[in-house]
C-alpha cells in the first residue's frame, strides 16, 4: 500500500484511539478497527510495527491496560 495512504490510516487510527477512545469497548478488536478504517489488518499491523515497534493488538492492549492505572492515579479508584 502507498505510504500516503498508510499515513492517513495511521492518522485515523490515532484519532479513534486518542479522541474517540474506542479501546474502551471490551469487545472491539484490532481487526474491526482496521475494517472501519478500510485497511487490511496485516498491512496496518506491519506499518504500526515499522513506526512504533509493536503491532496493533499490542497497542490496543496497552491502551486498555492504562485505563485502570489512570483511574487509580486520578480518582483513587481501583478498577
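Residue numbers (this note's numbering): 8 to 86.
Glycine included, every Cβ here is placed at the ideal spot set by N, Cα and C.
Within the same chain, no Cβ atom closer than 7 Å to the Cβ of residue 39 is found once the five residues on either side in sequence are excluded. Residue state for residue 9 is assigned as coil, using DSSP reduced to three classes. A direct Cα-Cα distance of roughly 16 Å separates residue 20 from residue 8. Put simply, of 53, 76, 67, 80 the residue whose alpha carbon is nearest the alpha carbon of residue 33 is 67. For residue 37, the enclosing alpha helix (DSSP H) starts and ends at 37-44. Restricted to the stretch 40-84, the alpha helix (DSSP H) segments that are unbroken, complete and at least 4 residues in length are 48-59, 63-82, listed in chain order. A distance below 7 Å between beta-carbons, with the five flanking residues on each side excluded, links residue 45 to no residue of its chain.
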